[in-house]
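**Q** The opening residue of the sequence shown carries number 1 in full-length UniProt numbering; numbering runs sequentially from there.
Glycine residues also receive a C-beta, built at the ideal position from the N, C-alpha and C atoms.
Keep in mind it's a predicted model, so treat the numbers as computed, not measured.
Dropping a structure here in structure tokens format, bear with me for questions.
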Amino acid sequence: MNTYGAPRLGRWQETWRLAAAAAVSVPIWLYIGVLLHGQGAGPGAWFRFGDPLVALGCLTALLWRRRFPLAVAMTVAIASTASTLATGAALLALGSIATRRRPAEIGAVALAYVAASQFAGGVYPVENPPGMLWLQLALPALTAGIAAAVGMAIGARRVEVRSLRDRAESAEREQAARATQARVLERNRIAREMHDVLAHRISLVAMQAGVLDHRGDLGAEESRLLVRGIAEGSHQALEELRDVLGVLRADPGHPEPPQPSLDRIPDLVADARASGLDVTLTTEVTGTPADVVGRTCYRVVQEGLTNAAKHAPGAPVRVALEGAAGAGLGVDVRNAPATASTAHRPPASGFGLLGLTERVGLAGGTLHHHPTADHGYVLRARLPWPNATHEKRA
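Below, the structure is given as structure tokens:
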């Protein structure tokens, strides 16, 4: 690419342009030779040797027309005064500078070309019929206008192609950025799913293992129940992990497995009770919310139970749900202070509440969590539940 946006030409492209410029000049040169011979003067040494040498110099100068466009165009236009074979080179130089679409430069070179054509009569004194002065002016002006028009059209096309190329490159960059953002969002979503699915199950397994490790007074039946709970919880965690990984391996058109919603919360609480948590569930929900709201509610309860199992072992936990269409859905998970301690608590990732906050925010709700006055902890969410009847009327 040169200084004014024209693409760099290959050797073959440059060669055929210069050859075309020379070919345009040959008929004019032969016509002048025939006129000189017909008038008895005959072609002189300048016509046979000087004219071709000047034309060759002009064609050679055109090799630098893209680096020094105005200087080369003016030089070739003026040099065409002494060489009819340089006429094609002058027209090519005029067309080349016209691609820049700068009126002042185009006008200056065109004027120099037309003026040079008038002074050419001093080099070859050809007698013209009376009244041919207008033709001597009109013909160079017409050819100059055609060359300038073609050059401007080529320049406009180059600008358009460059604009299309820039827009295509910009679109590719935007598409790459969107793809990167989509990958990041999908990675975050998968991380949230992995945490939501596994953290709760593994926390319950760890709690049962801790009880089994520190309670020396357990009977054989109680120990057997805890071992069975650990085995079942580990098996369920593995199955849930396979479900999440299966989503990654599935075809894009394959639907994801159904996600737990509001109706699965009693099962979630029952599993927590079976694992040793003292959980109480209170439900005052009228109707069935949208899937995204019910799914988010389930994840809030799941995270609250997971944190209670991790940080408040042995503490009673109260889960309260209330809401209706048009009034929103409220979720409250509250645990008392811990009544027991374990030597090895499950490691905390630190991203559970952060991911839950993002999930609740995407559902259009709000999430609050803080210690209570009695050193317990509360996790509270408020989710939107619009009235479908009012929406339809609106």
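Identify which residue in L137, A363, N188, A144 has its Cα closest to the Cα of F119.
**A** Position 119 of the sequence shown, counted from the first residue, corresponds to residue 119. Among L137, A363, N188, A144, the Cα nearest to that of F119 is on L137.
**Q** By the DSSP assignment, the beta strand (DSSP E) with H375 in it spans what residues?
**A** Here the question's residue 375 lines up with position 375 in the sequence shown. Where H375 is concerned, there is no enclosing beta strand (DSSP E), given that its DSSP letter is neither H nor E.
**Q** For a quick check, are the C-beta atoms of A312 and P337 less than 9 angstroms apart?
**A** Translated into the one-based positions of the sequence shown, residue 312 becomes position 312. Translated into the one-based positions of the sequence shown, residue 337 becomes position 337. Contact: yes.
**Q** Sort out for me which residues DSSP pairs A320 with in a bridge.
**A** Position 320 of the sequence shown, counted from the start, is the residue given in the question as residue 320. In the DSSP output, where bridge partners are listed per residue, A320 has T282, D332.
**Q** Would DSSP call L18 helix, strand or coil?
**A** Within the sequence shown, residue 18 is the residue found at index 18, counting from 1. DSSP places L18 in helix when its eight states are reduced to three.
**Q** Looking at the structure shown, is H254 part of a helix, part of a strand, or coil, going by DSSP?
**A** Start at 1 with the first residue of the sequence shown, and residue 254 comes out as number 254. Annotation note: pLDDT 49 at H254 (below 50); position unreliable, coordinate value reported separately. In the structure shown, H254 sits in coil (DSSP, three-state: anything other than H, G, I, E or B).
**Q** Exposed or buried, which one is G233 when buried takes at least 16 other CB atoms within 10 Å?
**A** Taking the sequence shown and counting its residues from 1, one reaches residue 233 at position 233. That one is buried.
**Q** If we count the other Cβ atoms within 10 Å of its Cβ and call it buried at 16 or more, is T288 buried or exposed?
**A** As a position in the sequence shown, residue 288 is number 288, starting the count at 1. It is exposed - the Cβ of T288 has fewer than 16 other Cβ atoms within 10 Å.
**Q** By how many angstroms is the C-alpha of V205 removed from the C-alpha of G229?
**A** Locating residue 229 in the sequence shown gives position 229, where the first residue counts as 1. Locating residue 205 in the sequence shown gives position 205, where the first residue counts as 1. Looking at the two C-alpha atoms, the distance is approximately 7 angstroms.
**Q** If I measure Cβ to Cβ from V285 and keep anything under 6 angstroms in the same chain, skipping five residues before and after, which residues do I get?
**A** Residue numbering aside, residue 285 sits at position 285 when the sequence shown is read from its first letter. Counting only Cβ-Cβ distances below 6 angstroms, and skipping sequence neighbours, we find L321, G323.
**Q** Rounded to whole angstroms, what's the CA-CA distance from D166 to L185? Just pull it up for me.
**A** Counting from one through the sequence shown, the residue named residue 166 turns up at place 166. Counting from one through the sequence shown, the residue named residue 185 turns up at place 185. For D166 and L185, the distance between alpha carbons rounds to 28 angstroms.
**Q** Per DSSP, what are the beta-bridge partners of R382 in this structure?
**A** The residue given as residue 382 occupies position 382 in the sequence shown. Paired residue(s): G330, T366.
**Q** Under 6 angstroms Cβ to Cβ from V83, same chain only, skipping five residues before and after it: list those, please.
**A** Residue 83 sits at position 83 when you count from the first residue of the sequence shown. According to the sequence shown, residue 83 is Ser rather than Val. For S83, where only same-chain residues beyond five positions count, the Cβ hits under 6 angstroms are D51, V54, A55.
**Q** Three-state secondary structure (DSSP) at P289?
**A** Position 289 of the sequence shown, counting from 1, holds the residue named residue 289. Three-state DSSP puts P289 in coil, outside helix and strand.
**Q** Can you tell me where the alpha helix (DSSP H) with P103 in it begins and where it stops?
**A** If you number the sequence shown from 1, residue 103 lands on position 103. Residues 103-119.
**Q** Along the alpha helix (DSSP H) that carries G88, what are the first and last residues, could you check?
**A** Mapped onto the sequence shown, residue 88 falls at position 88. 87-98 is the extent of the alpha helix (DSSP H) around G88.
**Q** Using three-state DSSP, classify P313 as helix, strand or coil.
**A** Residue 313 sits at position 313 when you count from the first residue of the sequence shown. Coil, per DSSP.
**Q** My assumption, with CB atoms under 8 angstroms, is that A363 sits in contact with T296. Please give the rounded CB distance.
**A** In the sequence shown, the residue the question calls residue 363 occupies position 363. In the sequence shown, the residue the question calls residue 296 occupies position 296. So it is a contact: roughly 4 angstroms between Cβ atoms.
**Q** State the DSSP-derived secondary structure class of A343, mapped to helix, strand or coil.
**A** Here residue 343 is taken as the residue at index 343 of the sequence shown, counted from 1. With a pLDDT of 49 at A343, under the threshold of 50, the modelled position of this residue cannot be trusted; read the value that follows with caution. Note: A343 maps to coil in three-state DSSP.
**Q** For the alpha helix (DSSP H) that P337 lies in, which residues bound it at each end?
**A** On the sequence shown, residue 337 is found 337 positions in, with the first residue counted as 1. Per DSSP, P337 belongs to no alpha helix (DSSP H) and is neither H nor E.
**Q** Under a Cβ-count criterion, where at least 16 other Cβ atoms within 10 Å of its own Cβ denotes burial, should A343 be classed as buried or exposed?
**A** The residue you call residue 343 lines up with position 343 of the sequence shown. Since pLDDT at A343 reaches only 49, below the 50 mark, its modelled position is unreliable, and no value is offered.
**Q** Please list the terminal residues of the continuous alpha helix (DSSP H) segment that includes G50.
**A** Here residue 50 is taken as the residue at index 50 of the sequence shown, counted from 1. Per DSSP, G50 belongs to no alpha helix (DSSP H) and is neither H nor E.
**Q** Helix, strand or coil: how does DSSP classify P371 here?
**A** Translated into the one-based positions of the sequence shown, residue 371 becomes position 371. The answer is strand: DSSP assigns P371 an E or B state.
**Q** Would you kindly work out how many angstroms separate the C-alpha atoms of V292 and S261, rounded to a whole number?
**A** The sequence position of residue 292 within the sequence shown is 292, counting from 1. The sequence position of residue 261 within the sequence shown is 261, counting from 1. When rounded, the distance between both Cα atoms is 8 angstroms.
**Q** Is there contact between the stretch 65-72 and the stretch 31-38, where contact requires at least three CB pairs shorter than 8 angstroms?
**A** No, the stretch 65-72 is not in contact with the stretch 31-38.
**Q** Using the Cα positions of A171 and A182, report the straight-line distance between them to the nearest angstrom.
**A** Here residue 171 corresponds to residue number 171 of the sequence shown, with the count starting at 1. Here residue 182 corresponds to residue number 182 of the sequence shown, with the count starting at 1. Each residue's Cα considered, the two are about 16 angstroms apart.
**Q** Let me make sure I understand the geometry here. Which of Y298, A61, A168 has the alpha-carbon closest to that of D267?
**A** Your numbering for residue 267 matches position 267 in the sequence shown. It is Y298 whose Cα lies nearest to the Cα of D267.
**Q** What residue from A153, A77, I202 has the CA that sits closest to R101's CA?
**A** Locating residue 101 in the sequence shown gives position 101, counting from the first residue. Among A153, A77, I202, the Cα nearest to that of R101 belongs to A153.
**Q** If we count the other Cβ atoms within 10 Å of its Cβ and call it buried at 16 or more, is L354 buried or exposed?
**A** Here residue 354 corresponds to residue number 354 of the sequence shown, with the count starting at 1. Its Cβ having fewer than 16 others within 10 Å, L354 is exposed.
**Q** Suppose you measure from the CA of R318 to the CA of R242; what does that come to, to the nearest Å?
**A** On the sequence shown, position 318 is the one that residue 318 refers to. On the sequence shown, position 242 is the one that residue 242 refers to. Cα to Cα, the separation comes out at about 31 angstroms.
**Q** May I have the straight-line CA-CA distance separating L383 from P371, to the nearest angstrom?
**A** Mapped onto the sequence shown, residue 383 falls at position 383. Mapped onto the sequence shown, residue 371 falls at position 371. If you take the alpha carbons of L383 and P371, they lie about 21 angstroms apart.
**Q** Pull up the CB-CB distance for L59 and L18, whole angstroms please, since I reckon it's below 8 angstroms.
**A** What you label residue 59 is simply residue 59 of the sequence shown in a count that begins at 1. What you label residue 18 is simply residue 18 of the sequence shown in a count that begins at 1. With a Cβ gap of about 5 angstroms, L59 and L18 count as contacting.
**Q** Return the CA-CA distance between L92 and Q175, expressed in angstroms with no decimal places.
**A** On the sequence shown, residue 92 is found 92 positions in, with the first residue counted as 1. On the sequence shown, residue 175 is found 175 positions in, with the first residue counted as 1. About 42 angstroms.
**Q** For L163, does the three-state DSSP call read helix, strand or coil?
**A** As a first step, residue 163 must be located in the sequence shown, where it is residue number 163. It is Ser, not Leu, that sits at residue 163 in the sequence shown. Three-state DSSP puts S163 in a helix.
**Q** From which residue to which residue does the alpha helix (DSSP H) around L70 run?
**A** As a first step, residue 70 must be located in the sequence shown, where it is residue number 70. Start and end: 69-79.
**Q** May I ask you to report which of helix, strand or coil DSSP gives A325?
**A** Along the sequence shown, one-based indexing puts residue 325 at 325. Coil at A325, not helix or strand.
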